[in-house]
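Line by line, the protein sequences give chains A and B.
Using this note's numbering, the letters of the first sequence correspond one by one to residues 3 to 151.
Using this note's numbering, the letters of the second sequence correspond one by one to residues 3 to 151.
All C-beta atoms, glycine included, are put in the ideal place defined by N, C-alpha and C.
All values reported here derive from a predicted model rather than from experimental measurement.
Right, one structure below, let's go through it.
There are 2 protein chains.
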Amino acid sequence: MTPEDRLPAMFRFFNEVGIIAQLSRAAFEARLSEGVTAPHFSVLNHLIRVADGRTPLELARAFQVPKTTMTHTLAGLEARGLVETRPNPEDGRSKRVWLTARGRAFRDEAIGLLAPDVAALAAHVNPAEIEAALPLLEKVRKALDAARG
Amino acid sequence: MTPEDRLPAMFRFFNEVGIIAQLSRAAFEARLSEGVTAPHFSVLNHLIRVADGRTPLELARAFQVPKTTMTHTLAGLEARGLVETRPNPEDGRSKRVWLTARGRAFRDEAIGLLAPDVAALAAHVNPAEIEAALPLLEKVRKALDAARG
DNA sequence: ACCAGATAGTGCGATATCGGACCACATGCA
DNA sequence: TGCATGTGGTCCGATATCGCACTATCTGGT
Numbered sequence: 003m004t005p006e007d008r009l010p011a012m013f014r015f016f017n018e019v020g021i022i023a024q025l026s027r028a029a030f031e032a033r034l035s036e037g038v039t040a041p042h043f044s045v046l047n048h049l050i051r052v053a054d055g056r057t058p059l060e061l062a063r064a065f066q067v068p069k070t071t072m073t074h075t076l077a078g079l080e081a082r083g084l085v086e087t088r089p090n091p092e093d094g095r096s097k098r099v100w101l102t103a104r105g106r107a108f109r110d111e112a113i114g115l116l117a118p119d120v121a122a123l124a125a126h127v128n129p130a131e132i133e134a135a136l137p138l139l140e141k142v143r144k145a146l147d148a149a150r151g
Numbered sequence: 003m004t005p006e007d008r009l010p011a012m013f014r015f016f017n018e019v020g021i022i023a024q025l026s027r028a029a030f031e032a033r034l035s036e037g038v039t040a041p042h043f044s045v046l047n048h049l050i051r052v053a054d055g056r057t058p059l060e061l062a063r064a065f066q067v068p069k070t071t072m073t074h075t076l077a078g079l080e081a082r083g084l085v086e087t088r089p090n091p092e093d094g095r096s097k098r099v100w101l102t103a104r105g106r107a108f109r110d111e112a113i114g115l116l117a118p119d120v121a122a123l124a125a126h127v128n129p130a131e132i133e134a135a136l137p138l139l140e141k142v143r144k145a146l147d148a149a150r151g
């Protein structure tokens, strides 16, 4: 039994989660072209999965990041021509974010580039176990979110 | 069902892990005093749990971060008087990192400040489930680490 | 003993995160 | 209508992450 094994399970849990987030993010970004980060991809993916035309604040809430962070992420996406923003006709303070054709294509290519890595991982870790762990992760995430105030 | 069909579950898994890492880190840092980050705390904790007198490179490997990041983290800890470094008598290129009395005290206080949050979380999520998820997380972490090259 | 290659650590530059301050517009209430 | 308050978004500054390049030192083979 190593010293780590004696730590309370909660600490080890968050420790493992932190390291996995860090490693997966690094592996992820290594597959994306120059300067495109995991948050960039996540936003593109969200706009496709949910629907584009979201406002920056909606996106910030969806990803649980401060709005200043989302401003910055969107600026990066816009500078790369992957999204465009237009004024929100229903609210003069606000914008809406739209995917460009390049943005959609980029996301699809990225999925293709990522697939082999996911498959390689599936060779080491049973995907059914991954899926079985999802409800717990969601529960933890919601509990943390609720605790934020 | 082939592993490829499980692909969306993998994506959701890493997505949840990323958000949990982000929220837990933010909650964590909100409890620590001015400017002390989760990595700072993690390093202090590691030095107490394992043993101090580690080299910066050993620490970087333990936390799976680039050595430049560890240099920066250690500089922050040293500036706050929580650790001190001395030359490694066995290797002139290297240093060893030692805890100060303040560093030990700081860590113990932080554990005390964190305990209520952990307890509050335990009220929403069964700690036994958390513990049951640890082997999977370790497996994923090790697979990612092995894939780094 | 020498030298080539490996290894420990740092400096620097690019970029990300995020809190606080700020502006513009919206909303509610008198 | 007019103003106090609230909300969407950005700018700025402090700090974190991390790749690249560099120095100092160590190690192994000759």
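Item to check | Candidates A:V127, A:A149, A:A148: closest to B:A11 by CA position | outcome: A:V127
Checklist entry - Per the contact definition of three or more C-beta pairs closer than 8 angstroms, is the segment 44-54 of chain A in contact with the segment 97-105 of chain A? => result yes
Next on the checklist: Can you check whether the C-beta of A:L123 is within less than 8 angstroms of a C-beta belonging to chain B?
Outcome noted: yes
Checklist entry - Does the Cβ-Cβ distance between B:A62 and B:M72 come in under 8 angstroms? => result yes
Checklist entry - Taking the C-alpha atoms as reference points, what is the distance between A:L76 and A:K69? => result 10 angstroms
Checklist entry - Mind checking B:G55: buried by the 16 CB within 10 Å criterion, or exposed? => result exposed
Item to check | Bounding residues of the beta strand (DSSP E) (the contiguous stretch that carries B:T75) | outcome: B:T75 -> not in any beta strand (DSSP E); alpha helix (DSSP H) instead, spanning 69-81.
Checklist entry - Alpha carbon to alpha carbon, what distance is there between B:P89 and A:I113? => result 47 angstroms
Item to check | Strand pairing of A:R88, partner residues [DSSP] | outcome: A:R98
Checklist entry - Using a beta-carbon distance below 8 angstroms, is A:M3 in contact with chain B? => result In this prediction, A:M3 scores a pLDDT of 39, lower than 50, which makes its location untrustworthy; no coordinate-derived value is stated.
Checklist entry - Within 7 angstroms: the Cβ of B:Q66 and any heavy atom of the ligand SAH? => result Inclusion of the ligand SAH in the displayed structure is not the case, the ligand content being empty and no account of it being possible.
Checklist entry - Whose C-beta lies closer than 8 angstroms to the C-beta of B:S26 among residues of the same chain, with five residues either side of it excluded? => result none
Next on the checklist: Under DSSP, the alpha helix (DSSP H) around B:D110 begins and ends at which residues?
Outcome noted: 103-126
Next on the checklist: Quick check on the burial criterion: 16 or more other C-beta atoms within 10 angstroms. Buried or exposed for A:G158?
Outcome noted: No statement about residue 158 of chain A is possible, as the shown extent of chain A runs from 3 to 151 and does not include it.
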